[in-house]
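In full-length UniProt numbering, the protein residues as written are 1 to 100.
The beta-carbon is built from N, C-alpha and C at its ideal position, and this holds for glycine as well.
Beneath this line is the structure, given in structure tokens, with notes to follow.
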């Protein structure tokens with residue numbers, strides 16, 4: 001049930017326009033304007049490696065949870081395998097729900 005709380009928070013963050021994905025996410029990771037990156041468990045190994053390596057290099061926290069369908073549904077967009085949370089408050093709340 002923990003994940004549903006996380007996806008609810010992602011939805012709130014999306015409506016508050018505090019998330020990013022795709023090329024914008026890459027740019028925001030490089031400029032360190034995201035606090036947390038969520039990666040889908042069913043993302044390709046290549047995608048998981050790409051996003052986790054970027055986050056590790058730029059010292060940005062990331063978590064691998066849920067499926068791309070759950071992630072996409074939560075943020076109201078299609079085919080999302082990674083989303084970034086720009087707001088530290090949302091990021092901290094999600095991290096606490098995920099236990100850390």
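Kindly list the residues whose CB is nearer than 7 Å to the CB of residue i, restricted to its own chain and excluding five residues on each side of it in sequence; keep chain order.
i, result
"residue 33", "86"
Who are the near neighbours of residue i in its chain, counting only those whose CB is closer than 6 Å to its CB and skipping five residues on each side?
i, result
"residue 54", "29"
"residue 98", "63"
"residue 42", "67, 68"
"residue 11", "74"
"residue 92", "none"
Do the CB positions of residue i and residue j come within less than 9 Å of each other?
i, j, result
"residue 75", "residue 81", "no"
"residue 3", "residue 89", "no"
"residue 16", "residue 77", "no"
"residue 94", "residue 9", "yes"
What does a CB cutoff of less than 8 Å around residue i pick up in its chain, not counting 5 residues either side in sequence?
i, result
"residue 70", "3, 7, 40"
In the DSSP output, what is residue i paired with across the bridge?
i, result
"residue 20", "84"
"residue 98", "Paired residues: none, contrary to the question."
Under 9 Å between C-beta atoms, does residue i make it to chain B?
i, result
"residue 77", "Reference to chain B is not applicable here, since this structure consists of a single protein chain."
The beta strand (DSSP E) spanning residue i covers which residue range?
i, result
"residue 62", "61-64"
"residue 34", "Per DSSP, residue 34 belongs to no beta strand (DSSP E) and is neither H nor E."
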